[in-house]
Amino acid sequence: GENVEQHPSTLSVQEGDSAVIKCTYSDSASNYFPWYKQELGKRPQLIIDIRSNVGEKKDQRIAVTLNKTAKHFSLHITETQPEDSAVYFCAASKGTYKYIFGTGTRLKVLA
Amino acid sequence: GAVVSQHPSRVICKSGTSVKIECRSLDFQATTMFWYRQFPKQSLMLMATSNEGSKATYEQGVEKDKFLINHASLTLSTLTVTSAHPEDSSFYICSARAAGGEQFFGPGTRLTVL
Chain A
477 GENVEQHPST LSVQEGDSAV IKCTYSDSAS NYFPWYKQEL GKRPQLIIDI RSNVGEKKDQ
537 RIAVTLNKTA KHFSLHITET QPEDSAVYFC AASKGTYKYI FGTGTRLKVL A
Chain B
613 GAVVSQHPSR VICKSGTSVK IECRSLDFQA TTMFWYRQFP KQSLMLMATS NEGSKATYEQ
673 GVEKDKFLIN HASLTLSTLT VTSAHPEDSS FYICSARAAG GEQFFGPGTR LTVL
């Protein structure tokens, strides 16, 4: 079955700097890759997603890149702000059905 | 975005009792809902896929007789933790799959079994 690895597990950046979180997946048939942000005690919120027919997608300060050959995808957050501090999860799925989540990255943005 | 509610948000029960958690999609119909379990500082682990009008599909290692799932309508799925024990204490989160395939999550239920 699918296996998703996520790195780093924790990440601290200065406010205004960029943050990059990387995920790798094992099943080449996976074709949908969402990213979720989860604040403490709250529900995961979808922040951006990418499908396998696209190499990059951007939404304001957030971007995701996908390398199908290497089977990895990354989340990029630019101009980080304290409110970006949260746990971020990547996921992979086939046909937007069952998601397999990564282990999460705890991002701290230092003011 | 689509709204998913979950009830109750917190529940404390005695060992041996059963607890029912409801997951509702409020502004869209969901033929498929998912149930996850999340331990502190850990990822979301898929427990089962709930399909409206049919039996749920459980992930490997999840006891179907312990975690009963009923998806009685296009907007409601329930998870019943039967004969709960302290090791079942966890954060249970549901999600509902929208027409475009995205999953929208409920706010979660924190279960504490004494």
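Just so you know, the protein sequences line up as chains A and B, in that order. For reference, each letter of the first sequence is one residue, going 477 to 587 in the numbering used here. For reference, each letter of the second sequence is one residue, going 613 to 726 in the numbering used here. Glycine residues also receive a C-beta, built at the ideal position from the N, C-alpha and C atoms. From a predicted model like this one, the values you see are computed outputs, not experimental measurements.
Selection from the options that minimises the alpha carbon distance to residue i
i: PHE646/B; options: MET657/B, LEU638/B, PHE640/B; result: MET657/B
i: VAL585/A; options: GLU491/A, ALA546/A, LYS534/A; result: GLU491/A
i: SER630/B; options: SER701/B, ALA708/B, GLN715/B; result: SER701/B
i: PRO698/B; options: ALA660/B, PHE640/B, LYS626/B; result: LYS626/B
i: LEU691/B; options: ARG636/B, ILE624/B, GLY628/B; result: ARG636/B
i: ILE624/B; options: GLY665/B, ARG649/B, PHE703/B; result: PHE703/B
i: LYS678/B; options: GLY720/B, PRO719/B, GLN641/B, GLY628/B; result: GLY628/B
i: ILE526/A; options: LYS574/A, SER550/A, LEU583/A, GLY517/A; result: SER550/A
i: GLY665/B; options: GLN715/B, THR687/B, HIS619/B, ILE633/B; result: THR687/B
i: GLN618/B; options: GLY673/B, ALA684/B, GLN672/B, CYS706/B; result: CYS706/B
Span separating the alpha-carbon of residue i from that of residue j
i: ASN543/A; j: SER528/A; result: 9 Å
i: ALA614/B; j: GLY571/A; result: 19 Å
i: GLN651/B; j: GLU555/A; result: Residue identity check: residue 651/B is Phe in the sequence provided, not Gln. Their Cα atoms are separated by approximately 31 Å.
i: LEU726/B; j: ALA505/A; result: 43 Å
i: ALA696/B; j: LEU723/B; result: 10 Å
i: GLN482/A; j: SER494/A; result: 18 Å
i: THR694/B; j: ILE681/B; result: 11 Å
i: THR643/B; j: ALA587/A; result: 44 Å
i: THR669/B; j: GLY531/A; result: 32 Å
Residue-level contact to chain A via CB, residue i, 8 Å cutoff
i: PRO719/B; result: yes
i: SER685/B; result: no
i: LEU680/B; result: no
i: SER617/B; result: no
i: LEU656/B; result: yes
i: THR661/B; result: yes
Residue i: CB within 7 Å of a non-hydrogen atom of the ligand PLP
i: VAL725/B; result: Because no ligand of any kind appears in the structure shown, any question about the ligand PLP cannot be addressed here.
Any C-beta of chain B under 8 Å from that of residue i
i: LYS498/A; result: no
i: GLY492/A; result: no
i: THR581/A; result: no
i: PHE577/A; result: yes
Min CB distance residue i to chain E below 8 Å
i: LYS574/A; result: No chain E appears in the structure shown, which is made up of the protein chains A and B.
Buried versus exposed, by CB contacts within 10 Å (16 or more), residue i
i: PRO510/A; result: buried
i: ASP560/A; result: buried
i: GLN536/A; result: exposed
i: ARG622/B; result: exposed
i: VAL616/B; result: buried
i: GLY639/B; result: Residue identity check: residue 639/B is Asp in the sequence provided, not Gly. Flag for ASP639/B reads exposed.
i: VAL540/A; result: buried
i: GLN557/A; result: exposed
Short-range partners of chain B found in the region 507-530 of chain A, where Cβ spacing is below 9 Å: TYR508, PRO510, TYR512, GLN514, GLY517, LYS518, ARG519, PRO520, GLN521, LEU522, ASP525
Contact residues within the region 696-725 of chain B, judged by C-beta distance below 9 Å to chain A: PHE703, ILE705, SER707, ARG709, GLY712, GLY713, GLU714, GLN715, PHE716, PHE717, GLY718, PRO719, GLY720, ARG722
Contact set between the region 553-572 of chain A and chain B, restricted to residues whose Cβ is under 9 Å from the partner: VAL563, PHE565, ALA567, SER569, GLY571, THR572
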